[in-house]
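Asks: I have a structure I would like to understand better, so I am pasting it below and will then ask my questions one at a time.
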């Protein structure tokens, strides 16, 4: 296509899609006349065009002033050829009175680049902005304030690490970065951090429309509630019952599938420039295949959130957010949160429970004699039972094993204040059927709770969601106490009162495992006590499948191979078959497969971003000559450029597609003359056909073919016509297959017994255990002595004691075991100023002593809250200084310009703070050291 054709057929359409009417001169001016200065020494133009430039398109605002320049090149040329030309037009338009600098676009109809001159480098985008988008961009550019000085609302996110995380992103935005990744342990307030960040961006005029992406409906409800609580005046989407996108809101919370459907729906077009800031929650999940399309479509400033530890994060996640591998924008670990004083997250204990059948399997050797007799009376042959422990809940279901797990849980669980019922608990089950069986066991063993004690919560059950739904009941009501879940509650659900987690299934993904553990790590909100959980200093994990031991031996879990989507694999096989047919002179087979491939390509979802971005590559295929001579080079082009596009296929009959894949693999094995492979594949196809239910009328209509295709005679004569007939007639019937008896599970009800029950050491270990033990011994001794020691009794009663009495008590305690001195007490209680009697009063509960680390932390928190515009580097410096003072108990001026402070800046404090700020910090350190 020449330039005129490119403009008419591609660029005009793209502008029209964004709402621009190319024929309306109040919106779009083609060949826009730009006045330019004449050459030096030239007074009058020598030709009609001298002193003029003509921009291909200029997009006008509602005030009829230029908003953007679009430079067009023909489709066969590189779009970047127009880059400098478009830039020049923009600056020349700006020079004319009353004009601002327009936004810059250049395109060849297939590729489109957007350049916000003087603010950011050019970036590839998938469509033009609407007039509203461009006017919003211009307003933001005119009115935004510097983010480094922007106040952070500490009532939303006020912990020091939260402020540091927010500052690190705000400073990055100020430096023109567009992609960020926060790695934060579950429970450290990722959602609050995002809300405080959105609040700052909106107040500073950097963002008007924000998208918060989640991967499940329950997480969407949670995020909407959090935005409502902390930013109540900002309009949100969706409101209850809203399905269609509304364009008049400021905060949008959506699941990946919802947003994918919206951007593919031609009836409710949403501009790719609609959002200014996008948050991707749990960004290691479901974003590389189909849902990556959402992020490709909206090229806004993007923040990824994940709880996955940095050493486990997939390389693709770092790549997606343009972070160097292993270096996220900011990270805060579970260990840091637990070991903070006071802790930000709750620590856990692990009890390992294993049953005899789990360890030794189910066989004649392990089944009790009573159960063997019962099985014989039922007409079953005990000799036939031979199941491994790992086959439980897969090939064999044993009610007795599940019953034993439930009984042990009820015995060992952390209970409520009455000590009778377990506190809030999640049971992680292997399948929905497993979850239902567990629910039945709870109801049968504990009928007095009328079926309310334990409830199954699975994502496809509509009763789970909304006010009064099962999740709402579990979170806000006394009952149910136990949520039995399959995947749904593994991630993101925020119920602070959870005190027990039961792993009733093996887990092989390290990421998923720690997300599941994270369900219990949140501490209680003391301002909102719930009667069924008034205190929580530790939570219990019952591990019934040795998961902790597995991850000790395999720290990264099972390495899962990347799975190619089925449509991509099918097209790959078809290309292999075409190549093989060409190489072996089967032109008729190649032509047949090429025709099918072209039909597949024609059916690609045109509205998909992935497909639209490949318009140039797809354009090559419109020429019939491309297909006439399909050589190796062209097949490689199809493999590299076209095959990956099939990941965008999301609506298809995948059972039929699997059947077609199997037949395609069989026909390829026949072409390759690989008889062994062909025989194996044929047996699999025949087995699938044998599982078709002839009681279904649609299947009954094809009975003759179904029966024939299960015979050796049929396959001996089968050719390409036969394969096509099987795909066309039997492929759509694959949804009516019934599982063969060989695949069905064996259900048993055998008494199982406990094989092993033990506490295991795992998780962050507190340092200074000996100090903790020493404290316990001191406190126990003083409690014992108070029973009969008159001096201690006087102190306890609040009476004054003489100096001699204090000395007498000190001598007594010095001689007792453990050896007690004022210096030791100062070390143990981390308070270097308190006197001996003050410690005794503290131990007896009469006087509250703040430890020196607590004093230092409180002073630094107060300082940080009083200085809300601190940069992330300044926050890092203060954090280092806080730790330095706690460790050394003093600091001198010269320390602040030496290591470790020179790690942050070569000049130490002088390179990070102004002289006035340095004086404030020195006053703070002097007060603490006094």
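Numbering (the working numbering), first residue to last: 227 to 1156. Virtual Cβ for every residue (Gly too), placed ideally from N, Cα, C.
Suppose you measure from the CA of residue 233 to the CA of residue 880; what does that come to, to the nearest Å?
Replies: For residue 233 and residue 880, the distance between alpha carbons rounds to 39 Å.
Asks: Residue 944 by DSSP, collapsed to three states: which one?
Replies: Note: residue 944 maps to coil in three-state DSSP.
Asks: Considering only C-alpha positions, which residue in the set 1082, 1104, 1140 and 833 is nearest to residue 1115?
Replies: The shortest C-alpha separation from residue 1115 is found at 1082.
Asks: For residue 485, count neighbouring C-beta atoms within 10 Å of its own C-beta (all shown protein chains included) and say buried if the count is 16 or more, exposed if not.
Replies: Buried, because 16 or more other Cβ atoms sit within 10 Å of the Cβ of residue 485.
Asks: Going by beta carbon distance, what residues of the same chain come within less than 6 Å of residue 320, once the five residues before and after it are set aside?
Replies: Closer than 6 Å at Cβ, skipping near neighbours: 327.
Asks: Which two residues bound the contiguous alpha helix (DSSP H) that contains residue 306?
Replies: From DSSP, residue 306 is part of no alpha helix (DSSP H); its letter is neither H nor E.
Asks: Considering only the beta carbon of each residue, do residue 799 and residue 890 sit closer than 8 Å?
Replies: Yes, Cβ-Cβ distance for residue 799 and residue 890 is below 8 Å.
Asks: Pairs of beta-carbons, one from the stretch 251-269 and one from the stretch 358-365, closer than 8 Å: are there three or more?
Replies: No contact exists between the stretch 251-269 and the stretch 358-365.
Asks: Between the beta-carbon of residue 885 and the beta-carbon of residue 914, is there less than 8 Å?
Replies: In contact: residue 885 and residue 914 (Cβ atoms closer than 8 Å).
Asks: Using the rule of at least 16 other Cβ atoms within 10 Å of the residue's Cβ for burial, across every protein chain shown, is residue 664 buried or exposed?
Replies: So residue 664 counts as buried.
Asks: Quick one: Cα of residue 282 to Cα of residue 402, how far?
Replies: When rounded, the distance between both Cα atoms is 29 Å.
Asks: Please report how far the alpha carbon of residue 500 lies from the alpha carbon of residue 687, in whole angstroms.
Replies: Their Cα atoms are separated by approximately 33 Å.
Asks: Is it right to say residue 208 is buried, meaning 16 or more other beta carbons lie within 10 angstroms of its own, or is it exposed?
Replies: Given that the chain is displayed from residue 227 to residue 1156, the structure contains no residue 208 and the question cannot be resolved.
Asks: Quick check: the Cα distance between residue 706 and residue 504, rounded to an integer number of angstroms?
Replies: Their backbone Cα atoms lie some 36 Å apart in a straight line.
Asks: Mind checking which residues open and close the alpha helix (DSSP H) that includes residue 420?
Replies: Taken as a continuous stretch (DSSP letters only), the alpha helix (DSSP H) holding residue 420 covers 416-429.
Asks: Taking only heavy atoms of the ligand HEM into account, decide whether any of them is closer than 7 Å to the Cβ of residue 617.
Replies: The ligand HEM is absent from the structure shown, which contains no ligand whatsoever.
Asks: Helix, strand or coil: how does DSSP classify residue 432 here?
Replies: In the structure shown, residue 432 sits in coil (DSSP, three-state: anything other than H, G, I, E or B).
Asks: Is the Cβ of residue 911 closer than 8 Å to any Cβ of chain E?
Replies: Absent from the structure is chain E; it holds one protein chain and no more.
Asks: How many angstroms separate the CA atom of residue 376 from the CA atom of residue 1095?
Replies: Rounded to whole angstroms, residue 376 to residue 1095 spans 6 Å at the Cα level.
Asks: Need the endpoints of the beta strand (DSSP E) that residue 1158 sits in, please.
Replies: Residue 1158 is absent from the structure shown; the chain starts at 227 and stops at 1156.
Asks: Given a cut-off of 8 Å, decide if residue 725 and residue 759 are closer than it, judged by their beta-carbon atoms.
Replies: Closer than 8 Å, so yes.
Asks: Rounded to the nearest angstrom, how far is the Cβ of residue 1126 from that of residue 1106, given a contact under 8 Å?
Replies: Yes, they are in contact, since the Cβ atoms of residue 1126 and residue 1106 sit about 6 Å apart, within 8 Å.
Asks: Should residue 422 go down as buried or exposed, given a rule of 16 or more other Cβ atoms within 10 Å for buried?
Replies: By the 10 Å Cβ count, residue 422 comes out buried.
Asks: How many Å lie between residue 495 and residue 239 at the Cα?
Replies: Going by the C-alpha atoms only, they are around 14 Å apart.
Asks: Beta carbon of residue 295, beta carbon of residue 284: below 8 Å?
Replies: Contact: yes.
Asks: Where does the unbroken beta strand (DSSP E) through residue 1095 begin, and where does it stop?
Replies: Counting along the chain, residue 1095 falls outside any beta strand (DSSP E), and DSSP gives it neither H nor E.
Asks: Taking the C-alpha atoms as reference points, what is the distance between residue 711 and residue 732?
Replies: Taking the straight line from one Cα to the other gives about 14 Å.
Asks: In terms of alpha-carbon separation, which member of 1035, 1028, 302 and 560 lies closest to residue 746?
Replies: Answer by Cα proximity: 560.
Asks: Please classify residue 581: is it buried, with 16 or more other beta-carbons within 10 angstroms of its beta-carbon, or exposed?
Replies: Buried is the call here.
Asks: So what's residue 382 in DSSP terms, helix, strand or just coil?
Replies: Coil, per DSSP.
Asks: Answer with buried or exposed for residue 1014, where buried requires no fewer than 16 other C-beta atoms within 10 angstroms of its C-beta.
Replies: Residue 1014 comes out exposed.
Asks: According to DSSP, is residue 1141 part of a helix, a strand, or is it coil?
Replies: Correct three-state label for residue 1141: helix.
Asks: Are residue 461 and residue 475 closer than 8 Å when you measure CB to CB?
Replies: Cβ distance < 8 Å, so residue 461 and residue 475 count as in contact.
Asks: Taking only the alpha-carbon atoms, compute the straight-line gap between residue 642 and residue 648 and give it to the nearest angstrom.
Replies: If you take the alpha carbons of residue 642 and residue 648, they lie about 6 Å apart.
Asks: Could you give the distance in angstroms between the alpha-carbon of residue 990 and the alpha-carbon of residue 1070?
Replies: At residue 990 the pLDDT is 36, less than 50, meaning the model places this residue with poor confidence; the figure from the coordinates comes in the next sentence. Their backbone Cα atoms lie some 31 Å apart in a straight line.
Asks: Compare the C-alpha of residue 243 against each of 265, 249 and 356 and name the closest.
Replies: Minimum Cα distance to residue 243 is reached at 356.
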